[in-house]
Amino acid sequence: MSNYLLSKTSYIKGLQCQKALFFYRHHPQLRDPIPPARQATFNRGHEVGNLARHLFPGGKDATEKIDGKTAKPVERTQELIAAGINVIYEAAFIFDEVLVLVDILVRDGEKWKAFEVKSSLRLSKSYYQDAALQYYVLSNAGLTISDFSLVHLNSDYVLSGALDLNKLFLFVSILKFAKEKLPSIIENITSHKIVLKGKDIPEVAIGEQCFSPYECDYRGQCWKHLPIGSVFELTGVNRAEQARLFNAGYTTTNLVPETEALPLLARLQVLTSESNEVVCDKEKIKIFLETLSATILFLDIENFQPAIPKYQGTKPFAALPFAYSIHERKSNGDLIYRSFLAEPGTDPRLEFIQRFLDDTQGNAIILVYDVTAERMSINLLRQQFPNYAIQLDQRMKRLRDLMQPFQQGWYHHPKMKGSISLKSVLPALVPELNYNSLAIQNGSHAMAIYEKLEDVDLFARAEKITELEAYCHLDTLAMVRVFEVLEKSIA
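Taking the numbering used here, the leading residue of the sequence shown gets 3, the next gets one more, and so forth.
Structure, rendered in structure tokens:
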């Protein structure tokens, strides 16, 4: 398959940025490391794609090795068509130096129906462009396409009994769209090929396209010249506005003039970058602390979101709590730690509820970081298990948000750089305590690790469980230490 220049991936990449397209083809070594969360998204795509094949069973995979030999998908696809195979997975075609692999190709009399599977609840513009490119190649490679559909997950589907694929997946025909886009597709392909056949790296200034529709894989290369504290770090300012400021010469946050209208946190970011001093509204922090009880439960809940519903009464991507961490701080400052981590591969919800209720008895304030997330987790459990609704309601009424002093701008440290996430607040306020030494450093990674635990051997599982427990422990210990800084700030 060496006689092609473009693929679906590179075509879409070129629409976003032709400099990224050039790097992708000629300098793949410059690509940024793939974050665990993004790799989990790729894995999820494979899982959903394989499941969708069961909508059209009995097909042949054009990419499968035969007798241990490396597959030649384009040639194999033609062999399968000639052999009268009615369903082909990963059918491969080349036209105009563009290679496409169609997720599912189904014979429709003398014509064919094509299906592109997406592991998402909604269809983005890029998905339509991706499918339209495939239609262009297929319709010029000898096939008559009677329909081309995007297949995606149904956000309203609720698992009840056995998994019903016909209800889990939704079909959206893009045939009309694809036909209308043929002229622009030809134009884009021509432009992309000029870039790829050239020797010079395209000159493209950094800007909004570095993030839209996807975060670029080559930011590390293109952004390495940016100074520390660049305007692209401004919190709450959209990428287009950041690019405007940058191109206007305000390359760093301390250069942004007071005349620029900025959100509160971005304005604090600019202010503290200039003064290098902490902003602290002692009176408001004091009022906040006085609303809390003498004994406080610091709580963090971790969820995972399987694309394919696994447990009764759940939807695609439903948030399922699999772990919690609690640091109970007594009135004398003593800490008691409690935690829960669900057995991988089992429905965690009922045991989670029972353990959570046991560990949060009493009337002490439950302090969380970002109350919206924790409230959503508890409320979903309340809806799914109404027998526990009264007890869970009592816990929700006790929730308070440690993020509030930072969100309201009552406390802002220059090293927070406008960010109020716990991962930014902790190293700024408590530099001796951070996530850098942990194998798991954020919630997205924790979720991805947990989802795969049932598929690994016992030794690897034990290691990953230890890593998850360390991450969960630090999440609430971090809250305790940040809380102590707030206490000291008003002393």
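Here a beta-carbon is modelled for each residue, glycine too, at the ideal position from N, C-alpha and C.
All values reported here derive from a predicted model rather than from experimental measurement.
Outcome for residue i when other beta-carbon atoms lying within 10 angstroms are tallied against a minimum of 16
i, result
"L270", "buried"
"T274", "buried"
"T374", "exposed"
"F461", "exposed"
"P323", "buried"
"L337", "exposed"
"T362", "buried"
"S277", "exposed"
"S186", "exposed"
"P30", "exposed"
"D477", "buried"
"R124", "exposed"
"E81", "exposed"
"N190", "buried"
"Q314", "exposed"
"V239", "buried"
N- and C-terminal bounds of the alpha helix (DSSP H) containing residue i
i, result
"N249", "241–249"
"R351", "351–361"
"E189", "184–199"
"I289", "284–292"
"F461", "460–491"
"S275", "266–277"
"P311", "First-last for P311: undefined, no H or E at that position."
"Q223", "221–224"
Assumed close pair residue i, residue j - CB separation to whole angstroms, cut-off 8 Å
i, j, result
"Q244", "V258", "Not a contact, Cβ separation roughly 10 Å."
"L198", "F24", "7 Å"
"K397", "I355", "First, the residue type needs correcting, since residue 397 is Arg and not Lys in the sequence shown. Between I355 and R397 the Cβ distance is about 10 Å, and since that is not below 8 Å, they are no contact."
"F508", "A325", "What the structure shows of the chain is the stretch from 3 to 493, and residue 508 is not part of that stretch, so it cannot be assessed."
"P346", "Y452", "7 Å"
"Y91", "K62", "7 Å"
"A472", "L435", "A472 to L435, Cβ: 13 Å. No contact."
"F387", "R351", "7 Å"
"M481", "F300", "4 Å"
Extent of the continuous beta strand (DSSP E) run through residue i
i, result
"D302", "298–306"
"L322", "322–331"
"L337", "337–343"
Residue i beta carbon near the ligand NAP (any heavy atom closer than 8 Å)
i, result
"A134", "The ligand NAP is not part of this structure, which contains no ligands at all."
| message | Please give the ranges of any alpha helix (DSSP H) in the stretch 361–448, keeping only runs that are unbroken, at least 4 residues long and fully inside the region. | response | 373–386, 391–399, 406–409, 424–431
| For the stretch 143–174, which segments carrying the alpha helix (DSSP H) assignment without a break, of at least 4 residues, lie completely within its bounds, in sequence order? | 167–170
| field | Any 3 or more C-beta pairs closer than 8 Å across the stretch 38–55 and the stretch 128–146 | value | no
| Inter-stretch contact at 8 Å, needing at least 3 Cβ pairs: the stretch 281–292 / the stretch 301–314 | no
| request: Let me know the alpha helix (DSSP H) ranges lying completely inside the stretch 37–65, each 4 residues or longer, listed in chain order. | output: 38–54
| query | Counting only runs that start and end within the stretch 10–38, where is the alpha helix (DSSP H) found for 4 or more residues in a row? | reply | 10–18, 20–28
| field | Segments assigned beta strand (DSSP E), at least 3 residues, entirely inside the stretch 93–135 | value | 100–110, 113–119
| task | Examine the Cβ distances between the stretch 171–180 and the stretch 193–213 and report whether three or more of them are shorter than 8 Å. | result | no
| query | Would the stretch 7–15 and the stretch 96–108 be scored as touching if the rule is three or more Cβ pairs under 8 Å? | reply | yes
| request: Evaluate contact between the stretch 141–150 and the stretch 115–133, counting only Cβ atoms and requiring at least three cross-stretch pairs below 8 Å. | output: yes
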